[in-house]
Amino acid sequence: MKDLIKLFFFIMIILLNISCELNDSLEDGYYHDWSFDYLQSTSNDNRISDSIKTLYKTDASILALRIMITDTFARDNIAEINENLIDEIYRGLICVYNLKNYRPINIFVDNFKIHAWEDPSLTRLIVVVDTTKEWTRAWINGQRLTGNQQIDDLILTYDLQLGERWYFSNYHTLISSKPLNLLALKNFFKKIDGVLDAGPDGLIGDGNDIVFNYSRSNKIYTFVIGWGDCLAGCMFKHYWEVAVTPDEKVRFIKQYGDPI
1 MKDLIKLFFF
11 IMIILLNISC
21 ELNDSLEDGY
31 YHDWSFDYLQ
41 STSNDNRISD
51 SIKTLYKTDA
61 SILALRIMIT
71 DTFARDNIAE
81 INENLIDEIY
91 RGLICVYNLK
101 NYRPINIFVD
111 NFKIHAWEDP
121 SLTRLIVVVD
131 TTKEWTRAWI
141 NGQRLTGNQQ
151 IDDLILTYDL
161 QLGERWYFSN
171 YHTLISSKPL
181 NLLALKNFFK
191 KIDGVLDAGP
201 DGLIGDGNDI
211 VFNYSRSNKI
221 YTFVIGWGDC
231 LAGCMFKHYW
241 EVAVTPDEKV
251 RFIKQYGDPI
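All residue numbers for the sequence shown refer to UniProt numbering, where the first residue is 1 and numbers rise by one.
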C-alpha cells in the first residue's frame, strides 16, 4: 500500500513539472503590443533549415489545394497545383515563422509546431486493378511501367513511382515526389480499362491544422491545435489567427477556442 502511495505522489510530481514547464514555455518570447501595430517580417528563408522549409512547403501545397478544389472543374480535371499560389502561401508562412521569438507566435510555431492536416494525400494514390488484365502483372511483379500506354503515360507525365502492394489484394500505391491534386489524377486512372477504382490516400480522424483565407489584400492564417480523442474528431480545439500584409508585415489578430 505504501508503495502505491509513493508511486501516486511520484506521478503527480512529474505531471506538475510538465505543467509548469509548458506554462513557462507559453510565457517565453518577446512581448509586442499587437493591438498597436504590425511587425515587419521577411519571407527570406536562407537561415531556415531544409527540414523546416520542407514542412512549410508541404503546408503551402495543402492550403493551395484546398483553394483549388473549391472550383469543381479544377478539382476534377487539373492535377497540377498552381505553383505561384503555393509560393505565395509559403512566403506568408515563412513571414510568420521568422517572428517565432515573439509571443504568442512562439506558442503555435515553436512549442506546438502546428502544420496543416494533409487529407486527402497529395502524394499517395491508391489504385485498385482488375488482375485478369495482362498489364496488371507488371505491378504485381514490382515493375513500374506496364506496357499499357495510357497507364505508362500517366506514370511518366506525373513522375509516379510504384509503392507497396497491399498483400493478397489488388490494391497498389502510386507515389508522387511532388504534391499533386490526386482528386483529378484518380479520374484519369479510372477511365482506363482494368482500373476498378482509384483515390488519394487519407488520414483518419482530425488533428492540428492551418487554415488559410484572404481578407482584402492580406493573407490570413489560422493555426489550430486539437486534442482529446482526435481519432474521433478532436473534442477540444484552440485557434490563433495571424495576418500577413503584401509588404510582409505580420499582425497577431486574436486567439480563441478551448483553453490550453
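Just so it is clear, CB atoms sit at the ideal spot from N, CA and C, and this is done for glycine as well.
query: Quick one: what does DSSP say glutamate 134 is sitting in, helix, strand or coil?
result: coil
- prompt: Using 8 Å as the Cβ pair cut-off and three pairs as the minimum, do the region 59 to 76 and the region 181 to 193 touch?
  reply: yes
- prompt: Applying the criterion that 16 or more other CB atoms from any shown protein chain within 10 Å of the CB defines a buried residue, is threonine 222 buried or exposed?
  reply: buried
query: Can you give the Cα-Cα distance for serine 25 and threonine 245, rounded to whole angstroms?
result: In this predicted model, serine 25 has a pLDDT of only 46, less than 50, meaning its place in the structure is not dependable; the value taken from the coordinates is given anyway. Those two C-alpha atoms are separated by around 28 Å.
message: I'd like the list of long-range same chain contacts for glutamate 241, defined as Cβ closer than 6 Å, with 5 residues on each side in sequence excluded.
response: Thr222, Ile253 and Lys254
message: Would isoleucine 126 and aspartate 201 qualify as a contact pair, given that the criterion is a beta-carbon distance under 8 Å?
response: yes
query: In whole angstroms, what is the alpha-carbon distance linking asparagine 82 and alanine 64?
result: 7 Å
message: Output needed for lysine 249: all residues of its chain with C-beta closer than 7 Å, excluding positions within five of it in sequence on either side, in chain order.
response: Tyr38, Leu39, Gln40 and Ser41
- prompt: Grouping DSSP H, G and I as helix and E and B as strand, with all else coil, what is residue 268?
  reply: A question about residue 268 goes unanswered here, because the residues of the chain that appear run from 1 up to 260.
task: Return the first residue and the last residue of the alpha helix (DSSP H) that residue 266 is part of.
output: The question about residue 266 has no answer here: the residues shown for the chain are numbered 1 through 260.
field: Supposed close pair residue 262, isoleucine 86 - CB separation, criterion 8 Å
entry: Lying outside 1 to 260, the shown extent of the chain, residue 262 is not represented and no answer is given.
- request: Consult DSSP for arginine 91 and reduce its assignment to one of helix, strand or coil.
  value: helix
Where isoleucine 78 sits in the DSSP three-state scheme: coil
- request: For the beta strand (DSSP E) holding isoleucine 260, just list the boundary residues, first then last.
  value: Element bounds for isoleucine 260: n/a, residue is neither H nor E.
Proximity to tyrosine 171 [Cα-Cα], best of Asn101, Ser177, Trp139 and Arg103: Trp139
task: Determine the contact status of leucine 156 and glycine 142, defining contact as a CB-CB distance below 8 Å.
output: no
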